[in-house]
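Reviewing the structure listed below.
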Amino acid sequence: MSRPETNETQPPQPLPPAHSPDVPSPIARVLSESPAPSPRVPTSEPGSAAAPAVKGTFREVLAFKHYRNVLLAQLVSNVGTWMELFTIQIYLTQISDKAKDQGTLAFCAGVPIFLLGVFGGVVADKVERRGLLVITQLLACVVAFAVAAVTMITWAPDDRTPIYLLWALSAVNGVVMAFNFPAWQVLTPRLVPKNLLTAAITLNGIQFNLTRVVGPALAGYLLVRLSPPPLLLFNAVSFLIVAAVVWTTPKSPPPVPAPGEDAQVWPQIKAAAAFLWKMPGPRAVFLAQVTISLLAAPLVRMLSLYVVATYNLPAKAPGGTAATVVQSEAESVAGILLAVQGVGAVLGGLCLKFIPSWYPKHHFIPLAVASLGLSISIFAATTAPWAGYGVMLIVGFFWLWAFNQSWAAMQVLAPDSMRGRVMSLTTVASFGATAIGALAAGYFGDVLHEVFGASKGFSMQCVVLALGLPLLCAGLVMLLRRTPEVDGMPRMAPDKLPRRSIVSAVLASEHRPQRTSSGV
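The opening position of the sequence shown corresponds to residue 4 in this note's numbering, with each subsequent residue numbered one higher.
Quick look at the structure:
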């Protein structure tokens with residue numbers, strides 16, 4: 004028998020008396036809560052109680068009509084988003100060859116999310132979430148139409164006005180996204196039960212990365228035949244599609260406040276921050292998310308310039324102008340690299356089912372981070388497209404593992420009463436880290452070229468290497484200093500700690516289920 008299609012997995016519980024002496028303060032209550040168990044860890048650290056396994060399949064997740072409809076609408080919208088990202092990168096590359104202009108574009112998008120994202124999370128925990136998501140999608144549609152309008156104008160060759168306008172619109176879009184992301188992040192837990200949440204988030208990641216394949220490839224094909232505006236207009240219309248589909252889902256009222264929870268904004272933010280920083284499990288996942296965003300996400304922003312500089316390919320095809328983009332060999336290669344990365348990510352998502360159910364996330368996430376850092380570092384050594392394609396496939400594989408599993412872990416750990424605030428804080432930190440990483444990477448490349456006289460190709464290789472090597476080192480440190488609380492496990496006694504080595508961390512043999520004398 005299928006589960007009823009509802010946006011709530013259980014009815015709200017009655018509140019205790021308003022002034023009950025047994026009600027703790029919000030921060031004390033958060034710090035005393037036990038994180039939800041990980042869906043992949045039936046066996047705990049030696050000497051501690053085992054956490055029950057929670058499993059789910061994609062087929063079970065897709066049985067929920069509203070989740071399925073939203074997933075399909077997201078697929079269309081994300082194709083439009085990747086088409087816009089690719090088109091704007093190529094458009095900006097043709098009117099400016101400076102890495103810092105690409106980095107500033109990402110910075111302008113990230114700063115509003117960094118400044119306002121926390122308040123977006125508070126709003127998501129206080130208002131009807133379906134309506135909030137519909138409003139933010141409509142506003143994103145308006146911004147996307149404005150971006151298309153900028154590219155419709157024929158600008159003078161040396162006029163930087165379109166660059167400034169794109170920066171400004173990117174900042175406006177960041178303001179919208181500061182309220183959009185928390186609304187999205189609390190939507191999926193309302194459409195599927197908690198035991199299927201990790202499977203649903205993994206499916207979201209596969210869908211997103213599948214559009215990474217389709218979007219750039221479709222944009223590259225269409226740019227040969229069309230100017231940028233039609234592609235950007237498709238992205239604008241896709242937001243209307245998502246808004247219409249979200250409106251058909253059940254209403255998503257804010258969660259019932261936890262007993263004793265302060266209604267003031269700042270105490271609520273402090274409670275969510277205390278959950279993230281003072282509890283070992285959420286803190287470890289949070290640091291992993293920020294590290295990935297700081298050192299891996301900027302790679303996408305630098306990709307077009309990397310291809311032009313390192314592979315020594317022209318940025319413009321004959322006859323190409325700023326107003327009418329004609330795809331050159333560099334743009335074709337950049338689009339293929341994004342598509343290959345998406346293929347790798349889809350493969351990574353599909354291969355998650357082969358990870359043993361006993362393998363814990365506090366081993367798996369650091370391993371994914373280290374592997375992603377290593378693959379990005381290897382990509383920095385590629386000097387020809389064919390080599391870049393092969394390595395980028397591996398980058399995409401571990402990209403999905405690192406991003407998806409860290410965000411899925413945080414969704415499972417966060418209590419519903421503050422999920423909007425917790426996820427908004429992680430979004431704020433992650434987008435802030437991405438903005439800083441992209442801006443720093445862009446300026447680092449320009450300094451190497453303009454101040455120290457390095458070639459553009461070598462400068463861009465150094466930029467990518469400066470992203471990959473620190474990420475690799477961070478993953479290795481996380482592997483050696485593991486945090487079992489990520490999986491809802493108590494920390495081991497000092498005398499029972501397993502050997503702190505990379506090999507033992509990768510094998511996680513202390514978590515492997517042991518057979519008893521009866522063979523069970």
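Think of the CB as a built atom: it goes at the ideal place given N, C-alpha and C, for glycine as much as any other residue.
The Cβ atoms of V79 and G218 lie no closer than 7 Å to each other. Secondary structure of R424 (DSSP, three-state): helix. At least 7 Å separates the beta-carbon of M395 from that of Q464. DSSP, read as helix, strand or coil, puts P192 in helix. Restricted to the stretch 160 to 204, not a single beta strand (DSSP E) segment is unbroken, complete and at least 3 residues in length. For the 7 Å CB-CB criterion, A441 and R286 do not form a contact.
Restricting attention to G399, P256 and D104, the CA atom closest to the CA of S420 is found in P256. Two segments are said to touch when three or more pairs of C-beta atoms, one from each, lie closer than 8 Å; by this definition the stretch 482 to 489 does not touch the stretch 447 to 459. If you draw a straight line from the Cα of L95 to the Cα of G352, it comes to about 32 Å. In the structure shown, T294 falls within a helical segment according to DSSP collapsed to helix, strand and coil. Cβ contact annotation for V175 (same chain, cutoff 6 Å, sequence separation greater than five): V146, in chain order. Out of T107, A337 and L75, the CA that lies nearest to the CA of G435 is found in T107. If the five residues before and after L236 are omitted, its C-beta is found closer than 6 Å to the C-beta atoms of A151, all from its own chain and listed in chain order.
In the pairwise beta carbon analysis, the stretch 414 to 430 is classified as touching the stretch 110 to 125: at least three pairs are separated by under 8 Å. In the three-state scheme derived from DSSP, where H, G and I count as helix and E and B as strand, S255 is classed as coil.
Distance from the CA atom of A387 to the CA atom of A342, rounded to whole angstroms, is 17 Å. Each of D104, A274, L194 and G347 was checked against the Cα of K68, and the nearest Cα belongs to L194. Within its own chain, the residues whose Cβ lies closer than 6 Å to the Cβ of F184, once the five positions on either side in sequence are excluded, are T430, listed in chain order. Nearest to I93 by alpha-carbon distance, out of V336, L510, A371 and A405, is V336.
Between the stretch 305 to 315 and the stretch 359 to 372 there are fewer than three inter-stretch CB-CB distances shorter than 8 Å, so the stretches are not counted as touching. In its chain, beyond the 5 residues on either side, A127, R132, L135, L136 and T139 have a beta carbon closer than 7 Å to the beta carbon of A186. Of the residues I295, F289 and G284, the one whose Cα lies closest to the Cα of A405 is I295. For P418, there is no enclosing alpha helix (DSSP H), as DSSP marks it with neither H nor E. Taking the Cα of N72 as reference, the smallest distance to any Cα among G113, P253 and L88 is reached at P253. In the displayed model, V227 falls within coil according to three-state DSSP, outside both helix and strand. The beta carbons of L297 and T437 sit about 7 Å from each other, so the pair counts as a contact at 8 Å. Excluding residues up to 5 positions away in sequence, C144 lie with their Cβ nearer than 6 Å to the Cβ of L243 in the same chain. Excluding residues up to 5 positions away in sequence, A438, A441 and L442 lie with their Cβ nearer than 7 Å to the Cβ of F110 in the same chain. DSSP places Q77 in the helix class (H, G or I) of the three-state scheme.
For I505, the number of other beta carbons within 10 angstroms of its own is below 16, and it is reported as exposed.
Taking the C-beta atoms as reference points, P231 is found nearer than 7 Å to T154. Note on geometry: alpha-carbon atoms of K197 and D161 lie some 54 Å from one another. In the three-state scheme derived from DSSP, where H, G and I count as helix and E and B as strand, R215 is classed as helix. Assignment of Q105 by DSSP, reduced to helix, strand and coil, places it in the helix class. Our two residues, A76 and P359, have alpha carbons roughly 32 Å apart in a direct line.
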